[in-house]
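Some notes on the structure that comes next.
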Amino acid sequence: MLSLSYFKSEKKLIIFSLLIICIYLLPIFIFGEKAHIRVHDNLDSNMAWYKVLSASGQIHGPINAIIPQVINGLPRNAYGTEFSLIVWLYSIFPTMTAYAVSQMITRIFAFIGMYLLLKDHFIRNKDFMVFNVGVALAFSLTPFWPSGMLSTLGMPLALWAFLHIRNRNGTWKHYLVLTLLPLYSSIVLGFFFFLFAMGVFWVVDFFRGKQNVHFQLAIIYMTLLYLVVEYRLIYSFLFDEEPNSRDEYFHARLPLWRVIRLTFKNFVLGHTHVMTVHGLFILAVTLIALYLVIVKKFWKQEGAFIFLLLLNFILSAWYAFWFYKGWLPLTRKFHFMDTFNFARFQFLRPLVIYVGFALGLKIIWNHSKGWRQYTVFFLIAQILLLFCFNDEIIYRKKPTVSEFYSEELFEDIKSHIGLPQKDYRVVSIGIHPAIAQYNGFYTLDTYNNFYPLSYKYEFRKIIEKELSKNKTIRTYFDEWGGRCYIFTAELGKHYMFKKNTKKTLKNLEFNTEAFKKMGGSYIFSAVPIENALDNQLVLERTFESDLSAWKIYLYKAL
11 MLSLSYFKSE KKLIIFSLLI ICIYLLPIFI FGEKAHIRVH DNLDSNMAWY KVLSASGQIH
71 GPINAIIPQV INGLPRNAYG TEFSLIVWLY SIFPTMTAYA VSQMITRIFA FIGMYLLLKD
131 HFIRNKDFMV FNVGVALAFS LTPFWPSGML STLGMPLALW AFLHIRNRNG TWKHYLVLTL
191 LPLYSSIVLG FFFFLFAMGV FWVVDFFRGK QNVHFQLAII YMTLLYLVVE YRLIYSFLFD
251 EEPNSRDEYF HARLPLWRVI RLTFKNFVLG HTHVMTVHGL FILAVTLIAL YLVIVKKFWK
311 QEGAFIFLLL LNFILSAWYA FWFYKGWLPL TRKFHFMDTF NFARFQFLRP LVIYVGFALG
371 LKIIWNHSKG WRQYTVFFLI AQILLLFCFN DEIIYRKKPT VSEFYSEELF EDIKSHIGLP
431 QKDYRVVSIG IHPAIAQYNG FYTLDTYNNF YPLSYKYEFR KIIEKELSKN KTIRTYFDEW
491 GGRCYIFTAE LGKHYMFKKN TKKTLKNLEF NTEAFKKMGG SYIFSAVPIE NALDNQLVLE
551 RTFESDLSAW KIYLYKAL
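For the sequence shown, this note's numbering begins at 11 and goes up steadily by one.
Here it is as structure tokens:
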């Protein structure tokens, strides 16, 4: 019979776990720009943003500063705060060095935070240290959204600090955690929802007669720090009167049956920005533990497990119901419900799911000798499963970082054009405009969640006829517009046509006059435009390289 006594050395387990994290991260350190990493909301946006911001010289720019390289003047505030360490990582180091260091920082502190949280507050019995260390390791290996930093993976560390303060044994270490976390996380990508939950926690305590001033002040302290760090966001949200692209974000459109389906889908599979990979082994542990609690009536003894399971489902339902069309009357009346994504309360789920996983393993070990031998199997299986979700495996069929940004290829295009990049504007078709931006070109198209609404309307004139032919791209652009792209009816919502594609544009209707009026001169197209002359466009040259994923057709507006 397996015994947890086999795992006696806590220190050795921790060192072994840190070694596993290093092994997990080896591909990005070894391969560098030849590594495969996430494209969506990463290569196609954030990583290019950091480079553009650094090159602009506006990292410390004033509130009203603009970035001229993007959309003829993107507000500086769209690129977030200069008080975030990740901005400086990308400013100081080459792109993939910064990315690798950021991954290392995030995963190590995710491990430390979850381990301390479980050890000090949920499973204090040293006999279960293998569960504490193992679950912390699994949590640290989850495929989190890279630019989110510690926005979700830092929550266990913050909760560890808050619970110590709530229990009246907070020290300088706990306040130091609350001080430093805002410098490597985002309030809108996680900690607004976490701090709201802490506020609810304090209110419940208050009505139970537990008036803890230190806990209250700690919540206020961290909130104020975020307000200082995210001053650009706060200013834009509260004081910038110019309408922006988020003013036309309409999220409430799903019928009830699809909302219910999305609830269960999200509960089992999770969400791309907070991937927990819990639908197999963790879910199995959860259901087995729930069965034991029900059969043996351990509701009170395992109250924390039941609470977390219910909270997990409630967060999934909240996420799904945020898109329910029944919200429309309220969103019309309270505009902030459209401009702020309250569905992100589900960003609490990684914390909830993995603490529940640890408690589920403990329940099975304590209450079922028949299943006891499988607990370590479930833990190891979950860690191995997460290894299978390593970027190098998941994105192996996507372009590498160097193939994606194709610096050599775009240097050739720049040399061919022969003008200072600031003297002309370009757009892309069939590839992300972030690629052109990363290579220093001034683009009329972009992927940003915050830019002037007036610009969206002006840009729309270029693609107006194409949008009229395809409802999918029309809705996507008009009711969100974060991707201010040259959409075409024939390509739809696809913008990664590699050089081996057979796709062509046969009936493009491009408003060249509107394009030129905005300063546009060139189009970088990943596919040939068969009716280019009908749109007053001429093919200047085709660019291709063994080191690039793209074949670029360079068109010039006549």
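Glycine included, each C-beta is placed from N, C-alpha and C at the ideal position.
Looking at the DSSP output, Glu554 sits in a beta bridge with Lys561. By DSSP's assignment, Asn254 forms a beta bridge with Pro462. Under a 10 Å Cβ-count criterion, Val305 is classified as exposed, with fewer than 16 other Cβ atoms of the shown protein chains found around its own Cβ. Phe119 sits in a helix when the DSSP states are folded into three classes. Boundaries for Gly428: no alpha helix (DSSP H) harbours it, and the DSSP string shows neither H nor E there. Restricting attention to alpha helix (DSSP H) runs no shorter than 4 residues, the region 134-187 encloses them at 139-150, 160-163 and 165-176, ordered along the chain.
Burial state of Gly440 is buried, judged by a 10 Å Cβ sphere holding 16 or more other Cβ atoms.
With the rule of 3 Cβ pairs closer than 8 Å, the region 453-466 counts as touching the region 520-533. His281 sits in a strand when the DSSP states are folded into three classes.
Counting other Cβ atoms within 10 Å of its Cβ, Asn510 stays below 16 and is therefore classed as exposed.
Ala567 is bridged by DSSP to Leu547.
Val62 and Ile77 do touch by the CB rule: their CB atoms are close to 6 Å apart, below 8 Å. For Pro85, the beta-bridge partners assigned by DSSP are Ile76. Taking the C-beta atoms as reference points, Leu568 is found no nearer than 8 Å to Val537. Runs of the beta strand (DSSP E) lying entirely within the region 360-439, each at least 3 residues long, are 435-439 in chain order. Under DSSP, Ser535 forms a beta bridge with Ile439 and Tyr563. When the alpha-carbon of Leu53 is set against those of Tyr236, Trp155 and Gly428, the nearest one is in Trp155. If you ignore the 5 residues before and after Phe201, its C-beta comes within less than 7 Å of the C-beta of Ser161, Ser195 and Tyr236, all in its own chain and listed in chain order. Following the DSSP letters along the chain, one finds Val305 inside the alpha helix (DSSP H) bounded by residues Phe291 to Lys306.
Closest in C-alpha terms to Pro166, from the list Trp182, Ser157, Arg178 and Leu147, comes Leu147. Beyond the five residues adjoining it in sequence on each side, Lys566 comes within less than 6 Å, by CB distance, of Tyr532, Val548 and Glu550 in the same chain, given in chain order. Secondary structure at Gly530: strand, using DSSP grouped into helix, strand and coil. Take Gln356, set aside five residues on each side of it, and the residues of its chain with a beta-carbon closer than 8 Å to its own are Asn276, His281, Val284, Leu325, Ser326, Trp328 and Tyr329, in chain order. Sorting Gln68, Arg176 and Ala542 by C-alpha distance to the C-alpha of Thr522 places Ala542 at the top. Closest in C-alpha terms to Phe315, from the list Leu28, Ile40 and Leu128, comes Leu128. Under the three-state reduction of DSSP output, Arg470 falls in the helix class. Taking 4 residues as the minimum length, the alpha helix (DSSP H) runs contained wholly in the region 194-223 are 202-217, in order along the chain. Contact check for His46 against Lys408 passes: the beta carbons are separated by less than 8 Å. One alpha carbon belongs to Glu413, the other to Ser66, and they sit about 24 Å apart. Distance from the CA atom of Leu29 to the CA atom of Asn82, rounded to whole angstroms, is 47 Å.
Phe317 is classed as exposed because its beta carbon has fewer than 16 other beta carbons within 10 Å across all chains shown. From the listed residues Thr296, Thr456 and Gln383, the smallest Cα separation to Ser255 is found for Thr456.
With contacts defined as CB atoms closer than 8 Å, Phe141 and Ile133 qualify as a contacting pair. By the CB criterion at 8 Å, Glu519 and Glu476 fall inside the cutoff. The region 426-433 makes no contact with the region 211-224, as fewer than three CB pairs between them are under 8 Å.
In terms of CA proximity to Asn376, Phe138 leads the group Leu557, Phe138 and Thr453.
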